[in-house]
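J.: Those letters in the sequence shown? Residues 442 to 764, per the working numbering, in order. Sharing a structure, written as structure tokens. Questions coming.
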Amino acid sequence: RSNARITAIGSYVPDRILSNFDLERMVDTSDEWIVQRTGIRERRIAAENEYCSDLCIAAVRDMIDRYGVTVQDADYIIVATETPDTSFPNVASRIQAAFGMANCGSVELHAACAGFVAALQMANGLLLSGAYRKIIVIGAETLSKITDYTDRTTCILFGDGAGAVLLEASDQEGCLLGMISRTDGSLGHHLYRSNLSDSIDGHPIRNNGLIVQNGREVYRWAVEQVPLGVNRLLDECGLKTEDIDWFAPHTANARIIESVCGRSGIPLDKTLSAIERFGNTSAASIPLSLDAAVRDGRLKSGDIVLLYGFGGGLIQAGAVVRW
Ligand code: ACO
């Protein structure tokens, strides 16, 4: 048995920027409304022929280039996404093929905006079991491909991107100090993208393959439940808010983050969030925020970071990590 440590991080966002001013020309909205209600100024949009696997491969390449790590000997790839190129083969298997990993498992995980943290929890367990030594965990989305650009209540939120971390077995202290998971499945019909069914628990849903959200319900749930989960996680780790160097919540909406900070007692200036530039990138949002902070020197080795994903399901997944 050994512990798990994060040894590298990488990320990628598509070149094309969709600004609030661009959206003003597409739906009845304004830059002022979007900034005030969400904190988002722009988001990245994948090219027509650019898919989730392309974003993931670029994020892994970035990780290799910056940290000099090898991935050919990886034992497992876990990709958290709601926007895979194809239902199957999964996106993780595209990455295995791209990098020629000879002995590598590959799975895809669906937990919407909680997906990256859920994947990190699973990878940690696999490493602790002693069965595997090296696992790539990725959160990636091309939400623009399932966004309804005639619906002003959702199209202003979503963007595309990918973030990858390498988790390796180590004899040193493990990086995951604690974790939490919660599910409120009875609220699932408030945020969904239909696939085969046209109802959830008897609630009829729109079966057009695009994201549908009851923003007010999801907002209310997030600001009530996330602070409870955050404080519970800290308690279970024996930590106080002042012991946390950084808080990396899912970047759904800047107002949700402000409210969660207020209710859980975490100072807002401890928040790592790339929401202004990238919007809500679901499973990619937390690794994108982490990597932005690594790149600009805020997040340093040894820092204690509280990661907290929440969204479709409705699902929460949190983890306290020693970076
Ligand atoms: N521009 C201008 N006006 C708008 C827009 C827009 N883009 N969107 C909505 N409005 C209008 C509404 O029609 C409404 O008008 P009305 O009062 O005449 O009916 C008014 O603005 C207020 O609408 P609300 O829905 O109350 O606006 P709110 O302040 O709640 O903001 C938002 C909406 C941003 C969607 C917010 O509810 C939110 O962030 N919800 C949670 C999102 C989230 O966390 N998602 C989870 C993760 S996503 C995932 O898992 C994939």
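All residues carry an ideal CB built from backbone N, CA and C; glycine is no exception.
1. Hey, is residue 659 close to the ligand ACO, as in C-beta under 7 Å from one of its heavy atoms?
2. Using 8 Å as the threshold, is the C-beta distance between residue 560 and residue 521 below it?
3. Using the rule of at least 16 other Cβ atoms within 10 Å of the residue's Cβ for burial, across every protein chain shown, is residue 647 buried or exposed?
4. Just curious, the beta strand (DSSP E) that residue 520 is in, first and last residue?
5. With DSSP run on the structure shown, which of helix, strand or coil describes residue 613?
6. Using 8 Å for Cβ pairs, my map puts residue 446 next to residue 516. What's the rounded Cβ distance?
7. Tell me whether residue 677 sits in a helix, a strand or coil according to DSSP, three-state version.
8. Per the DSSP calculation, residue 575 is bridged to which residue(s)?
9. Following a CB-centred definition, is residue 522 positioned closer than 7 Å to any heavy atom of the ligand ACO?
10. Does the separation of the CB atoms of residue 451 and residue 501 fall below 8 Å?
11. Within 10 angstroms of the Cβ of residue 670, are there 16 or more other Cβ atoms? Answer buried if so, exposed if not.
12. Express the C-alpha separation of residue 461 and residue 514 in angstroms, rounding to a whole number.
13. Once DSSP output is grouped into helix, strand and coil, what is the label at residue 697?
14. Going straight from the alpha carbon of residue 659 to that of residue 586, what length do you get?
15. Could you check where the beta strand (DSSP E) with residue 547 kicks off and where it finishes?
16. What are the residues that DSSP puts in a beta bridge with residue 530?
17. Verify whether the separation of the beta carbon atoms of residue 754 and residue 650 is less than 8 Å.
18. Looking at the secondary structure, which residues open and close the alpha helix (DSSP H) in which residue 555 lies?
19. Answer with buried or exposed for residue 490, where buried requires no fewer than 16 other C-beta atoms within 10 angstroms of its C-beta.
20. Suppose the cutoff is 8 Å on Cβ atoms and the five residues either side in sequence are ignored; what does the same chain contact list for residue 511 look like?
21. Using alpha carbons as the reference points, say which of 680, 621, 526 lies closest to residue 666.
22. Please state the DSSP three-state secondary structure of residue 630.
23. Flag this pair as touching only if the segment 716-735 and the segment 670-682 have three or more C-beta atom pairs under 8 Å; answer yes or no.
24. Could you tell me if the beta carbon of residue 752 falls within a distance shorter than 7 Å of some heavy atom in the ligand ACO?
25. Assuming residue 736 contacts residue 483 (C-beta within less than 8 Å), just tell me the rounded distance between them.
T.: For this structure:
1. Looking up residue 659 in the sequence shown gives position 218. True, at least one ligand heavy atom lies under 7 Å from that Cβ.
2. Sequence index remark: in the sequence shown, residue 560 carries index 119 (1-based). Sequence index remark: in the sequence shown, residue 521 carries index 80 (1-based). Going by C-beta atoms, residue 560 is nearer than 8 Å to residue 521.
3. Residue numbering aside, residue 647 sits at position 206 when the sequence shown is read from its first letter. Exposed.
4. As a working note, residue 520 is residue 79 in the sequence shown. Start and end: 517-521.
5. Counted from its first residue, the sequence shown places residue 613 at position 172. In the structure shown, residue 613 sits in coil (DSSP, three-state: anything other than H, G, I, E or B).
6. Position 5 of the sequence shown, counting from 1, holds the residue named residue 446. Position 75 of the sequence shown, counting from 1, holds the residue named residue 516. In fact, because the Cβ distance is near 15 Å, the residues do not count as touching under 8 Å.
7. Within the sequence shown, residue 677 is the residue found at index 236, counting from 1. Helix, per DSSP.
8. Along the sequence shown, read from residue 1 onward, the residue named residue 575 stands at position 134. In the DSSP output, where bridge partners are listed per residue, residue 575 has 609.
9. Numbered from 1 along the sequence shown, position 81 holds the residue referred to as residue 522. No, the Cβ of residue 522 stays beyond 7 Å of every heavy atom of the ligand ACO.
10. Your numbering for residue 451 matches position 10 in the sequence shown. Your numbering for residue 501 matches position 60 in the sequence shown. Contact flag set, yes.
11. Along the sequence shown, read from residue 1 onward, the residue named residue 670 stands at position 229. Buried, because 16 or more other Cβ atoms sit within 10 Å of the Cβ of residue 670.
12. As a first step, residue 514 must be located in the sequence shown, where it is residue number 73. As a first step, residue 461 must be located in the sequence shown, where it is residue number 20. Their Cα atoms are separated by approximately 43 Å.
13. The sequence position of residue 697 within the sequence shown is 256, counting from 1. Helix.
14. For the purposes of this step, residue 659 is identified with residue 218 of the sequence shown, where counting begins at 1. For the purposes of this step, residue 586 is identified with residue 145 of the sequence shown, where counting begins at 1. Each residue's Cα considered, the two are about 22 Å apart.
15. The count along the sequence shown starts at 1 and reaches residue 547 at position 106. Unbroken beta strand (DSSP E) run through residue 547: 546-550.
16. On the sequence shown, position 89 is the one that residue 530 refers to. Its beta-bridge partners do not exist; DSSP assigns none.
17. Translated into the one-based positions of the sequence shown, residue 754 becomes position 313. Translated into the one-based positions of the sequence shown, residue 650 becomes position 209. Result no, Cβ atoms of residue 754 and residue 650 do not sit closer than 8 Å.
18. Your numbering for residue 555 matches position 114 in the sequence shown. Run containing residue 555: none; DSSP gives neither H nor E here.
19. Counting from 1 along the sequence shown, the entry for residue 490 is found at position 49. Exposed: under 16 other Cβ atoms inside 10 Å.
20. Position 70 of the sequence shown, counting from 1, holds the residue named residue 511. For residue 511, where only same-chain residues beyond five positions count, the Cβ hits under 8 Å are 505.
21. The count along the sequence shown starts at 1 and reaches residue 666 at position 225. Cα-wise, what sits closest to residue 666 is 621.
22. The count along the sequence shown starts at 1 and reaches residue 630 at position 189. Helix, per DSSP.
23. no
24. Taking the sequence shown and counting its residues from 1, the one referred to as residue 752 is at position 311. For the ligand ACO, at least one heavy atom lies less than 7 Å from the Cβ of residue 752.
25. Residue 736 sits at position 295 when you count from the first residue of the sequence shown. Residue 483 sits at position 42 when you count from the first residue of the sequence shown. Incorrect: roughly 18 Å between the Cβ atoms, too far for contact.
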